[in-house]
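Asks:
In the working numbering, the protein residues as written are 273 to 431.
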């Protein structure tokens, strides 16, 4: 993974809102659950208390990870991008050479990736294989099932 996480302004704002929600309401809910479990008596044999403390620890870990991502995030402007080759935020139409199936993906940061929405991470095997390629070039992607070859059919910058 690169030392920076590149995002759209929309993705950055959404990520920051989610972090603020966890820091506010998430922490309050965790503290409330711990308080309720404490009221039930002996903490040494209280499974509810242990579960609430573990949930709090996981919440704090997630908050810490999200803060780290935001601290290394860079917002990318569409005007700064060039559609002559695949870069982050490119929408790429590709054809798998073996099956002749066509796919369209937008390359985004790892935190914005959503396969159902057609957004793949630039850090994924396919994302890494496509970066820097131009229309007409072939990208070879190493997968657990072997090497897959994709032809770049079109590149667009349309966020």
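Yeah, the Cβ is synthetic: ideal placement off N, Cα and C, and Gly gets one too. From a predicted model like this one, the values you see are computed outputs, not experimental measurements.
First and last residue of the beta strand (DSSP E) that includes residue 321?
Replies: Not the beta strand (DSSP E): residue 321 falls in the alpha helix (DSSP H), residues 319-343.
Asks: For a minimum of 4 consecutive residues, which ranges assigned as the alpha helix (DSSP H) are wholly contained in the stretch 372-431?
Replies: 397-402
Asks: For the beta strand (DSSP E) holding residue 365, just list the boundary residues, first then last.
Replies: 363-368
Asks: State whether the stretch 353-366 contacts the stretch 378-388, with contact taken as three or more CB pairs (one from each stretch) at a distance under 8 Å.
Replies: yes
Asks: Following the continuous beta strand (DSSP E) through residue 278, name the residue where it begins and the one where it ends.
Replies: 277-279
Asks: Would you kindly work out how many angstroms separate the C-alpha atoms of residue 349 and residue 429, rounded to a whole number?
Replies: CA-to-CA, the gap between residue 349 and residue 429 works out to about 11 Å.
Asks: Please report the distance separating the alpha-carbon of residue 383 from that of residue 275.
Replies: 14 Å
Asks: Since residue 421 and residue 370 should fall inside the 8 Å C-beta cutoff, what is the C-beta to C-beta distance between them, to a whole number of angstroms?
Replies: 7 Å
Asks: Under a Cβ-count criterion, where at least 16 other Cβ atoms within 10 Å of its own Cβ denotes burial, should residue 330 be classed as buried or exposed?
Replies: exposed
Asks: Quick one: any contact between the stretch 321-341 and the stretch 294-305, if contact means 3 or more CB pairs under 8 Å?
Replies: yes
Asks: Taking residue 410 as the reference, which of 391, 310 and 357 has the closest Cα?
Replies: Distances from the CA of residue 410 to each of 391, 310 and 357 were compared; the closest alpha carbon is that of 357.
Asks: Which partner residues of residue 347 appear in the DSSP bridge assignment?
Replies: Within the DSSP secondary-structure output, residue 347 pairs in a beta bridge with 279.
Asks: So, using beta-carbon positions, are residue 424 and residue 413 closer together than 7 Å?
Replies: no
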